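**Q** If you scroll down you'll find the structure; I have some questions about it.
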Amino acid sequence: MASHPNLTILDHPLIRDKMARLRDEETSPEDFRRLIAQVAGLMTFQASRDLPVVETTVRTPLEETEEVRLSAPVTLVPILRAGLGMVEGIIALMPEANVGHVGLYRDESTLKPVTYYCKLPPFVADGPVFLVDPMLATGGSAIAATEVLRQHGCEDIRLICLVAAPEGVLAMGEACPDVRIFVAALDRQLNESGYILPGLGDAGDRIFGTR
Ligand code: PRP
Ligand code: URA
């Protein structure tokens, strides 16, 4: 069993049902995009459970009452490309979130991440960051993206992935034990090409129809 001090597996019937469809090789890019956004939204419910809040007084049509509002800006950071597929489902729930981008791809021969783009909002370190990528395989991309965020001063980093391999969870546990990880499924293993088994294939290609 992969260990990470802050791993949460979101075992929920609605998520499992959508994961079954996402894994299905017959699912079209159109349906794949819609499902990935929906799962990302459902996962956000748990990943945002302890966001910082501030008490506030509001007047309903009937009387005043005490409520809470989010107190710190949340930044959503998709890892390009495949992380883009998760943005729509999360931003629908947190429309005030800022969005930064970190561009990384895995070198197919070394499986090491190559960083090609980074654009983050100026106050990214002032609040929680939701780092999103559908796949956590070797963990190289998530670790590299976390390092980029750390260099910008970010402390509260929450990684949301649809499918994780035990190898990636272990690597994150060693390199970034303080990053909380939320996954919809913890799969069996990586194959010799670094793909997750059983997985769902190449997430970026399935979102964008590039293969
Ligand atoms: C995929 C995926 C992750 C990475 C995971 O991206 O979206 O970013 O691989 O693998 P790792 O944990 O071994 O680093 P890919 O490199 O295929 O780029 P893409 O999103 O542009 O398709
Ligand atoms: N990236 C993907 O898109 N899928 C995998 O299975 C592993 C890495």
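Per our numbering, the very first residue in the sequence shown carries number 5; after that it's consecutive.
Think of the CB as a built atom: it goes at the ideal place given N, C-alpha and C, for glycine as much as any other residue.
Values in this document were obtained by computation on a predicted structure and should not be read as measured data.
Shorter than 7 Å, the distance from the beta carbon of residue 207 to the closest heavy atom of the ligand URA, or not?
**A** Taking the first residue of the sequence shown as 1, we reach residue 207 at position 203. Residue 207: yes, Cβ under 7 Å from the ligand URA.
**Q** In terms of DSSP beta bridges, what is residue 201 paired with?
**A** The residue labelled residue 201 in the question sits at position 197 within the sequence shown. Residue 201 pairs with 193.
**Q** Can you check the segment 11–47 for any alpha helix (DSSP H) of at least 4 residues that lies completely inside it and give the ranges in chain order?
**A** Correct list: 17–27.
**Q** Taking Cβ positions, are residue 188 and residue 81 nearer each other than 8 Å?
**A** Taking the sequence shown and counting its residues from 1, the one referred to as residue 188 is at position 184. Taking the sequence shown and counting its residues from 1, the one referred to as residue 81 is at position 77. Contact flag unset, no.
**Q** Mind checking whether the beta-carbon of residue 199 lies closer than 7 Å to any heavy atom of the ligand URA?
**A** Taking the sequence shown and counting its residues from 1, the one referred to as residue 199 is at position 195. Yes - the ligand URA has a heavy atom lying nearer than 7 Å to the Cβ of residue 199.
**Q** Say yes only if the C-beta of residue 142 is nearer than 7 Å to one or more non-hydrogen atoms of the ligand PRP, and no if none qualify.
**A** Position 138 of the sequence shown, counting from 1, holds the residue named residue 142. Checking every heavy atom of the ligand PRP against the Cβ of residue 142, one is found closer than 7 Å.
**Q** Measuring from the CB of residue 22, is there a heavy atom of the ligand HEM at a distance below 7 Å?
**A** This structure does not include the ligand HEM; its bound ligands are the ligand PRP and the ligand URA.
**Q** Which term fits residue 213, buried or exposed, when burial requires 16 or more other beta carbons within 10 angstroms of its beta carbon?
**A** As a working mapping, residue 213 is identified with position 209 in the sequence shown. Exposed, because fewer than 16 other Cβ atoms sit within 10 Å of the Cβ of residue 213.
**Q** Identify, in the order they occur along the chain, each residue of the same chain with its Cβ nearer than 8 Å to the Cβ of residue 33, setting aside the five sequence neighbours on each side.
**A** As a working mapping, residue 33 is identified with position 29 in the sequence shown. Closer than 8 Å at the Cβ level, and outside the excluded window around residue 33, lie 210, 211, 212 and 213.
**Q** Using only the heavy atoms of the ligand URA, determine whether one of them is closer than 7 Å to the beta carbon of residue 86.
**A** For the purposes of this step, residue 86 is taken as the residue at position 82 of the sequence shown. Yes, Cβ of residue 86 sits closer than 7 Å to a heavy atom of the ligand URA.
**Q** Quick check: residue 55 and residue 125, are their CB atoms within less than 8 Å of each other?
**A** As a first step, residue 55 must be located in the sequence shown, where it is residue number 51. As a first step, residue 125 must be located in the sequence shown, where it is residue number 121. Residue 125 sits away from residue 55, with the two beta carbons spaced by 8 Å or more.
**Q** Look up residue 59 in the DSSP assignment and give the residues it is bridged to.
**A** To locate residue 59, count along the sequence shown from 1; it is residue 55. DSSP output for residue 59 lists 72 as bridge partner(s).
**Q** According to DSSP, simplified to helix, strand and coil, what is residue 90?
**A** Translated into positions along the sequence shown, residue 90 becomes position 86. In this structure, residue 90 counts as helix in the three-state DSSP scheme.
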